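Trainee:
Residue numbers (UniProt numbering): 1 to 707.
Right, dumping it as structure tokens:
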């Protein structure tokens, strides 16, 4: 078993464990230790809400120590109880963040094991034939050229500039199936840490040590490179503002209480402040953001920033490439349709002969269809000259020596083959033209077959033999997925290089809202800018250098890991599985992040109401007996009321950690429906649950004679 396969299993096992169990033992232990480390005030200052709670905890700790020395026992136990639960509030908030970070750190540890001390064969020039020197991979710099042969580990990120090889990328993607990497085209990018299984490639290094794809991935999953998103920053400002408002309100209560002849203890004032400020969302906000990035990694998507994940949740328009995304990608021959006067078997034989040297999936499917349907045999013809396809002729074929003459068979685009026939004395067929249009209108691709036979020095007359229909099959379930997106208010646009007739047929079958046919890099950019000018957020996927401008312009650009370096650098997300349909999952993860943040913010603000009814009567009932009417929970004593509210305030954070890490369950619903649902569930729930929770805690305190 190869090292790559072992790494693949470890990486996949790590991801599976993280996805299936939030409270993994190793992660749990690390999170507990990190929660204590995060008590450092320099760390807490990043979160103003929890910083206020920590300051309050310090003050009540000093008060508890004073009462232990001088104060009455009853008051001392009350202050000590409040102090302990205030510290628990800070610790639970730290624990939530540490849990989210811990899952990323565990994945980073698994990734680090894929990096070994690798030796590189640095070439003197950009040619395999030049001499090379062996150096360690960390010594390589951007622009260096290396030779990687079968069995070698690719020493760094780069572009294949010569050769073709089978590469095992399991160390990065977790998938053991090898992929082909070759110079030129859209499959030239290679990643450091992957292994060449066969043949050889010459790679031009594109990143310095510490800047490689794997380095960035480790940094991002650990959370070290995570920056707060604009929405997260705005919410932090709102929470800080609410904290300042409640701080001013609580500070003014003390003079009021003194004036009324019933001074309120500093412990009760701090308990009130902590219960009124939005500690629940303040403690979980960072964990929600980190967990959103983590869910992307679990889906093998590397998000370059939290902003990209968040933008995915607000996307209005999805641009999807047809080939490989909406359709299976490989057009397969489905039938032979002969011209008038031509037998179907004759057409099939000519199509087979012209496809013997065609190694494309389409060419192989033509050979297979002829063999399966008519029992023809794909044997190499002696004296045959194969004519390769070119962009200029848009045809391919074969010239066969038969009976002293030459039989020339051509297959290709209808207009190219018709021109060939006319130039060689033949005639167009209106019947065949109508058939070509019909096949194109149905979403299939027509290939026209013609032949010309010459005898000796004489020139023959070309004739049309018929049409081969190639079908690009729409992937199963795509119509349902697009219907889900439509219910979410997301518009889907299919992008294809096909002619408008074929594009329209595929778009109708797949169920997309619109399409862009005969797409070029310029038309893609124009479409994205038009959508953005209308106030919409646009997401698209791509893998080629020609996709780079559009990926950079889109609000969410998802590049394939098999794509070019230019595409990956232009995008703000990279799909390690190179699955173009992953864009739909990316949008779902983004929406789940926004839903989770919104739901827990709603819950946090709503559950403060119950705390008013618990603490305010406890503070002033002695001075104003009428306030006992607000004690609707019938809490046992003022001390019990304050302590119950503080305990609930701490415990609710730990209860909501799994929801913050897993995210609110995603449903493909419109924004209005989701808002009503979340307001009902988390708004109303946030009002009701604290009343029940605080009352139950009060009963327990009374039962244990702690109040």
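Glycine is no exception: its CB is placed at the ideal position from the N, C-alpha and C atoms. No experiment lies behind these values; they were computed from the predicted model shown.
1. For residue 363, count neighbouring Cβ atoms within 10 angstroms of its own Cβ and tell me buried if that reaches 16, exposed if not.
2. Rounded C-beta distance between residue 85 and residue 646? I'm assuming under 8 Å.
3. So what does residue 76 bridge to, in DSSP terms?
4. I need the straight-line Cα distance from residue 270 to residue 278, nearest angstrom please.
5. Can you name, in chain order, every residue of its own chain whose Cβ lies under 6 Å from the Cβ of residue 491, other than the five neighbours on each side?
6. Based on DSSP bridge pairs, tell me the residues matched to residue 167.
7. Cα separation between residue 195 and residue 557?
8. Tell whether a beta-carbon distance below 8 Å holds between residue 92 and residue 283.
9. For residue 165 and residue 127, what's the separation of their Cα atoms in angstroms?
10. In three-state terms, what does DSSP make of residue 133?
11. At 4 residues or longer, and completely inside the segment 269-298: list those alpha helix (DSSP H) runs for me, N to C.
12. Determine the DSSP secondary structure at residue 406, reduced to helix, strand or coil.
13. What residue from 355, 565, 331, 506 has the CA that sits closest to residue 471's CA?
14. Whole angstroms is fine: what's the gap from residue 392's alpha carbon to residue 445's?
15. Look at residue 235 and residue 273 and say whether their C-beta atoms are less than 8 Å apart.
16. Confirm, please, whether the CB-CB distance from residue 694 to residue 614 is below 8 Å.
17. Suppose you measure from the CA of residue 696 to the CA of residue 249; what does that come to, to the nearest Å?
18. In chain order, what residues of the same chain have a beta carbon less than 8 Å from the beta carbon of residue 698, not counting five sequence neighbours either side?
19. Going by DSSP, what residue range makes up the alpha helix (DSSP H) through residue 157?
20. Taking residue 547 as the reference, give the member of 537, 334, 135, 567 with the closest Cα.
21. For a test of the three-state rule: what should DSSP assign to residue 485, helix, strand or coil?
22. Can you tell me the Cα-Cα spacing of residue 178 and residue 577, whole angstroms?
23. For residue 303, which of 146, 60, 560 has the nearest alpha-carbon?
24. Compare the C-alpha of residue 660 against each of 518, 489, 97, 390 and name the closest.
25. Excluding sequence positions up to five away, which residues of its chain have a Cβ less than 6 Å from the Cβ of residue 597?
26. In the structure shown, what three-state DSSP assignment does residue 224 receive?
27. In the DSSP assignment, find the alpha helix (DSSP H) that holds residue 347 and state where it starts and stops.
28. For residue 384, which residues of its own chain have a beta-carbon under 6 Å away from its beta-carbon, when the five flanking residues on both sides are left out?
29. Given a threshold of 16 other Cβ atoms within 10 Å of its Cβ, counted over all protein chains shown, does residue 204 qualify as buried or as exposed?
30. Evaluate residue 224 with the Cβ neighbour count: other Cβ atoms within 10 Å of its Cβ, from every protein chain shown; 16 or more gives buried, anything less gives exposed.
31. Evaluate contact between the segment 459-470 and the segment 481-501, counting only Cβ atoms and requiring at least three cross-stretch pairs below 8 Å.
32. Within its chain, find whatever has a CB closer than 6 Å to the CB of residue 319; leave out the 5 residues flanking it on each side and keep chain order.
33. Looking only at C-alpha atoms, which of 678, 360, 346 sits nearest to residue 376?
34. Note down, in chain order, each residue of its chain lying with its Cβ closer than 8 Å to the Cβ of residue 739, except the 5 sequence neighbours on either side.
35. Since I believe residue 582 is in contact with residue 299 (beta carbons under 8 Å), could you give me their beta-carbon distance rounded to a whole number of angstroms?
Mentor: Judging by the given coordinates:
1. Counting of Cβ neighbours within 10 angstroms places residue 363 among the buried residues, the total reaching 16 or more.
2. Confirmed, about 5 Å.
3. Checking the DSSP bridge columns, you'll see residue 76 has no partner listed.
4. If you take the alpha carbons of residue 270 and residue 278, they lie about 14 Å apart.
5. Around residue 491: 317, 513.
6. Residue pairing by DSSP places residue 167 opposite 179, 196 in a beta bridge.
7. Using only the alpha carbons, I get a separation of about 28 Å.
8. Yes, Cβ-Cβ distance for residue 92 and residue 283 is below 8 Å.
9. Cα to Cα, residue 165 sits roughly 16 Å from residue 127.
10. In the structure shown, residue 133 sits in a strand (DSSP, three-state: E or B).
11. Runs found: 279-298.
12. Correct three-state label for residue 406: strand.
13. Out of 355, 565, 331, 506, 331 has the C-alpha closest to the C-alpha of residue 471.
14. Cα to Cα, the separation comes out at about 19 Å.
15. Taking the C-beta atoms as reference points, residue 273 is found no nearer than 8 Å to residue 235.
16. Their beta carbons are under 8 Å apart, which means residue 614 touches residue 694 by this criterion.
17. Cα to Cα, residue 696 sits roughly 28 Å from residue 249.
18. Residues of the same chain with a CB within less than 8 Å of the CB of residue 698, apart from the 5 flanking positions on each side, are 633, 635, 636, 640, 641, 644, 707 in chain order.
19. For residue 157, no alpha helix (DSSP H) segment is defined, and its DSSP state is neither H nor E.
20. The shortest Cα separation from residue 547 among 537, 334, 135, 567 belongs to 567.
21. Helix, per DSSP.
22. So the alpha carbons of these two residues sit roughly 12 Å apart.
23. Per the C-alpha coordinates, the member of 146, 60, 560 positioned closest to residue 303 is 560.
24. The shortest C-alpha separation from residue 660 is found at 97.
25. Only 288 meet the Cβ criterion.
26. Since pLDDT at residue 224 reaches only 43, below the 50 mark, its modelled position is unreliable, and the value read off the structure follows with that caveat. Coil at residue 224, not helix or strand.
27. Judged by DSSP secondary structure, residue 347 falls within the alpha helix (DSSP H) whose first and last residues are 344-355.
28. Correct list, in chain order: 398, 400.
29. Buried, because 16 or more other Cβ atoms sit within 10 Å of the Cβ of residue 204.
30. Caution is warranted here: a pLDDT of 43 is assigned to residue 224, below 50, making its placement in the model unreliable, and the coordinate value is therefore given only provisionally. By the Cβ-count criterion, residue 224 is exposed, with fewer than 16 other Cβ atoms from all chains shown falling within 10 Å of its own Cβ.
31. Between the segment 459-470 and the segment 481-501, the count of C-beta pairs closer than 8 Å stays below three; the two stretches do not touch.
32. Within the same chain, residue 319 has close Cβ partners 493, 495, 540.
33. It is 346 whose Cα lies nearest to the Cα of residue 376.
34. What the structure shows of the chain is the stretch from 1 to 707, and residue 739 is not part of that stretch, so it cannot be assessed.
35. Right, their Cβ atoms sit about 7 Å apart.
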